[in-house]
Amino acid sequence: MLDNARYKRSRELKAWLDQPGCRLRLIYLPSHAPDLNLTERFWHFFERQVLFNKSYETFALFKQVFDQFLERLHEHEADLATLITNRFHLIRHPKTGIPSA
Numbered sequence: 668m669l670d671n672a673r674y675k676r677s678r679e680l681k682a683w684l685d686q687p688g689c690r691l692r693l694i695y696l697p698s699h700a701p702d703l704n705l706t707e708r709f710w711h712f713f714e715r716q717v718l719f720n721k722s723y724e725t726f727a728l729f730k731q732v733f734d735q736f737l738e739r740l741h742e743h744e745a746d747l748a749t750l751i752t753n754r755f756h757l758i759r760h761p762k763t764g765i766p767s768a
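What the sequence shown shows, in our numbering, is residues 668 to 768, in sequence order.
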């Protein structure tokens, strides 16, 4: 599953995927769907933990807090496990019963 970045739709990638025997099928996420992008979910979690209603006097202080967050990421393991998961319902997938939007 990919976002819609231009380089992920290049002619070179399409040609590679169209080769005989290629078993990969790309599924592009809808535009403006950050809830489906795991990186965006992680970034949102980071923002809530480090940035929400906080300001930092200097960039050095912000960097220090950022580094501490990453060093202590294991402390957030349970919260992240609920946010960063691959359990998605695919629209128009016959087994989900979810109609197309």
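Built from N, CA and C at the ideal position, the CB exists for glycine as well.
Same chain only: Cβ atoms within 6 Å of residue i, ignoring 5 sequence neighbours per side
i: Phe733; result: none
Extent of the continuous alpha helix (DSSP H) to which residue i belongs
i: Val717; result: Here Val717 belongs to no alpha helix (DSSP H), and DSSP marks it neither H nor E.
i: Thr725; result: Taken as a continuous stretch (DSSP letters only), Thr725 belongs to no alpha helix (DSSP H), as it is neither H nor E.
i: Asp746; result: 744-750
i: Leu680; result: 678-684
i: Leu705; result: 705-713
Contacts around residue i, its chain only, beta-carbon distance under 7 Å, and the 5 residues preceding and following it disregarded
i: Leu750; result: Arg708, Phe712
i: Leu705; result: Ile751
i: Phe736; result: Phe713, Gln716, Val717
i: Val721; result: With the sequence shown as reference, residue 721 is identified as Lys, and Val is not the correct amino acid for it. Answer for Lys721: no residue qualifies.
8 Å Cβ cutoff met for residue i and residue j
i: Leu693; j: Leu669; result: yes
Residues near residue i in its chain [Cβ-Cβ closer than 8 Å; skip 5 each side]
i: Leu696; result: Met668, Leu669, Asp670, Asn671, Leu703, Asn704
Would you call the region 718-727 and the region 685-697 in contact, with 3 or more CB pairs under 8 Å?
Cβ pair count under 8 Å is below three, so no.
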